[in-house]
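Report on the following structure.
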Amino acid sequence: MVMQTLSYGYDVTSVSSQAEVVSGPQPRRGPPQATGDSHPSCARGGQSKTTGIQEKKSIKIMHWIGIRSVSNRKQDRYKDFQFEPQVKQDNFIVMGDFNSHSPSWGYKDLDSKGEKVEDWAIDNQLVLLNRADDPPTFTSMIWRTSSTPDIAFATDDIQGRSERSVESQLGGSDHKPSIITIKDVTVESDNRKEPSWNLKKANWELFKQTAKINTAQLKLSGNMQKDAKALNQAIIDAAKVSIPRGYRKNYKPYWTPALEKLHKDLGLLKDKLIQEPSDSNTIAYNRAQAIFKREKLKQCIENWQKTTDSLNMDKEGKKLWRLTQALNDDNPKRDNNTAIICNGVAKSGKRATDVLAKQYKSISTIEIDTNRAQEVKEKIKEIKKPASHIDVMELRIPPQELRKNIKGLKKKKSPGLDGILTDMIKHLGPHALSTLLDLFNNSWRTGCVPEVWKEAHIIPIHKKGKSKTDPISYRPISLISCVGKLLEKIINKRLMYHLETNGIISPTQSGFRKNKTTEDQLTYFVQNIENAFQEQKINAECIL
């Protein structure tokens with residue numbers, strides 16, 4: 001089941017709100033009465049997680065982002081208030097900060113807004129997921145009161161397996177997060193990010209020594225597939241020992257242990273103020289909040305100065321942009337669960353991956369005519385052999401050639417499916433490099449390329465302005481093994497040298513050649529036109 005989120009508001013700015021879908025059996029709570037009753041459902045400070053249940057149906061979540069009065073006159077406060085959002089008759093959840101009062105969701109009084117919300121819920125046959133005795137979700141530090149403006153409704157078909165709970169305070173928000181749990185849900189995938197290597201804390205000397213020990217125990221068997229996998233595993237095992245790996249949610253570059261302690265102390269004082277409202281507790285909380293904000297601002301400034309002092313804007317502009325977002329607490333989470341429409345049916349998770357794979361296969365498959373293939377083979381036979389007795393295409397790869405090409409590798413490049421980074425290759429010791437060189441020469445001599453070097457990690461990138469449900473709207477980026485790319489780099493240099501020195505490439509070709517650019521052809525083209533004009537001749541050009 002595909003889940004969609006809609007947002008509506010009334011004279012307010014957008015506030016992030018989420019619901020979580022949890023798989024597996026959950027404690028059942030009796031269904032509330034469909035009388036317009038409501039209960040708190042936090043609409044601020046939460047984290048979004050939307051997944052699927054079934055293939056053909058869908059759950060839609062309407063997030064009501066808030067209701068605020070726009071009139072300063074008390075007697076006209078609710079005069080023009082209208083609440084008439086349309087909802088679906090099934091598979092629908094409405095949640096958010098409704099800013100309305102009703103005993104149904106924990107208030108002592110029923111105001112005009114609350115009455116309209118109750119009437120709207122009855123008209124749309126919605127069932128309240130809140131209970132009047134649920135914990136409050138909003139705390140006013142000014143008035144030292146707690147209330148429940150956050151409420152949630154569901155259609156009758158899913159209210160029986162929907163359950164709402166209020167969680168602990170998050171950060172400095174006045175609202176507590178609330179979670180809507182839908183039972184019997186099959187979660188295909190989640191938004192967890194893959195762990196990454198922390199190269200800043202890498203112990204490269206330990207990595208070099210461990211890689212030496214691992215490769216010393218490795219004996220090449222001549223089977224390229226097994227040897228390549230064994231070498232990859234030896235490098236990865238060395239990296240696991242010497243390079244930290246993981247993923248931190250909501251990572252803040254300025255966050256320090258001292259700031260973490262101040263944040264925890266602030267949370268404890270806030271809980272104490274909520275439980276025991278008093279002047280002394282208010283003063284203590286305000287003092288702790290001021291200290292926390294001052295320290296946070298200090299760390300932000302220091303981190304900004306440290307980063308910008310050593311920043312190369314020509315190469316690291318993206319790094320500055322990420323830091324700016326982090327300092328502004330503007331790090332929206334990207335939803336990795338994309339629904340692709342195929343033959344009128346929404347596909348998500350692995351099914352969406354299969355749809356994209358078929359799309360890429362259809363546009364990437366090249367069909368070569370049989371006659372054309374035969375012409376190419378005959379053309380290759382006609383190419384004269386080089387006059388030199390030593391052919392660079394037949395020589396073994398020497399150690400100095402390997403080291404030279406490793407030196408030219410770019411750092412911090414995305415790895416392939418084997419997980420090996422270019423930084424790891426650059427920090428291999430002499431013994432590990434000798435094993436790698438033997439593997440390269442075996443591949444070069446036999447013409448066998450291990451499958452692990454050819455396997456690609458394909459990442460679909462959405463084309464701006466295109467529909468996200470259409471598989472054609474994604475262009476693929478293939479990440480292959482950095483070890484395989486190193487061998488390709490060595491072979492490519494040899495191949496270009498062979499083609500250039502033997503005059504195999506046409507002298508009129510300028511693209512992809514050293515010391516030549518495509519602008520050369522444009523210059524020749526303009527010059528030919530000028531010469532023909534001066535000599536009063538007709539110029540004919542053929543552009544392929």
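Residue 1 is where the sequence shown starts when you use the working numbering, and the numbers rise one by one after that.
Using N, Cα and C, we set each Cβ at its ideal position, and we do this for glycine too.
Quantities reported herein were computed from a predicted structural model and do not represent experimental measurements.
Whole angstroms are fine: how far does the CA of Gln125 sit from the CA of Ser178? 23 Å
Between Ala288 and Asp271, is the Cβ-Cβ spacing less than 8 Å? no
Is the segment 421-428 in contact with the segment 193-208, if contact means three or more CB pairs nearer than 8 Å? yes
With a threshold of 16 other CB atoms inside 10 Å of the CB of Gly447, please say whether the residue is buried or exposed. exposed
Let me confirm a value: Thr517 is counted as buried when at least 16 other C-beta atoms fall within 10 Å, else exposed. Which label applies? exposed
Taking 8 Å as the threshold (C-beta atoms), are Pro149 and Phe98 in contact? yes
Thr422 in three-state terms, based on DSSP: helix
Which complete alpha helix (DSSP H) runs does the segment 246-316 hold, if anything under 4 residues is left out? 257-275 and 279-309
Alpha helix (DSSP H) containing Tyr497: first to last residue? Cys482 to Thr501
Please identify the residue among Ile477, Glu455 and Ile505 whose C-alpha is closest to the C-alpha of Gly484. Glu455
I need the DSSP call for Gly96, collapsed to helix, strand or coil. strand
Any idea what DSSP makes of Pro398, helix, strand or coil? coil
Are the CB atoms of Ile458 and Pro476 nearer to each other than 8 Å? yes
Please determine whether the Cβ atom of Val87 lies at a distance below 7 Å from any heavy atom of the ligand GTP. The ligand GTP is not part of this structure, which contains no ligands at all.
For Val345: DSSP bridge partner residues: Cys342
Applying the 10 Å Cβ sphere with the 16-neighbour rule, what's the burial state of Gly344? exposed
Proximity of Asn198 and Arg245 at Cβ, strictly below 8 Å: yes
For Ala228, tell me which candidate among Thr501, Gly465, Glu451 and Thr155 has the shortest Cα-Cα distance. Glu451
Which residue wins for smallest C-alpha separation from Asp90, given the options Ile122, Lys113, Leu417 and Asp156? Asp156
Thinking just about the alpha-carbon of each residue, which of Asp309, Gln509 and Ile235 is nearest to the one in Asp418? Ile235
Using a Cβ-Cβ cutoff of less than 7 Å, which residues in the same chain neighbour Lys466 once the five nearest sequence positions on both sides are dropped? Ser473
Contact set for Gly30: own chain, Cβ-Cβ below 7 Å, skip 5 residues either direction: Per-residue confidence for Gly30 stands at a pLDDT of 33, beneath the threshold of 50, marking its modelled position as unreliable; no derived number is given.
Nearest to Lys240 by CA position, among Ala230, Gly222, Asn203 and His263, is which residue? Asn203
Quick check: what's the CA-CA separation for Ser146 versus Thr181? 24 Å
So, at 6 Å on beta carbons, what are the nonlocal neighbours of Glu541 in its own chain, with the 5 sequence-adjacent residues on each side left out? none
For the segment 253-262 and the segment 286-304, state whether three or more C-beta atom pairs, one from each stretch, are separated by less than 8 Å. yes
Given this structure, state the Cα-to-Cα distance separating Phe533 from Phe440, to the nearest angstrom. 56 Å
Given this structure, state the Cα-to-Cα distance separating Pro399 from Leu437, to the nearest angstrom. 7 Å
From the DSSP output, read off the bridge partner residues of Glu163. Thr181
What are the residues that DSSP puts in a beta bridge with Ser414? In DSSP, Ser414 forms no bridge with anything.
Starting from the C-beta of Pro277, find all residues in its chain whose C-beta is less than 7 Å away, skip the five residues before and the five after it, and write them out in chain order. Arg144
Straight-line gap, Lys113 to Tyr107 (C-alpha atoms, nearest Å): 13 Å
Straight-line CA distance for Glu401 to Arg351? 45 Å
Tell me the rounded alpha-carbon separation between Leu128 and Ser362. 49 Å
Excluding five sequence neighbours on each side, which residues of the same chain lie with their C-beta closer than 7 Å to the C-beta of Asp109? His101
Beta strand (DSSP E) containing Thr548: first to last residue? An answer regarding residue 548 cannot be provided, because it is not within the stretch 1 to 544 covered by the chain.
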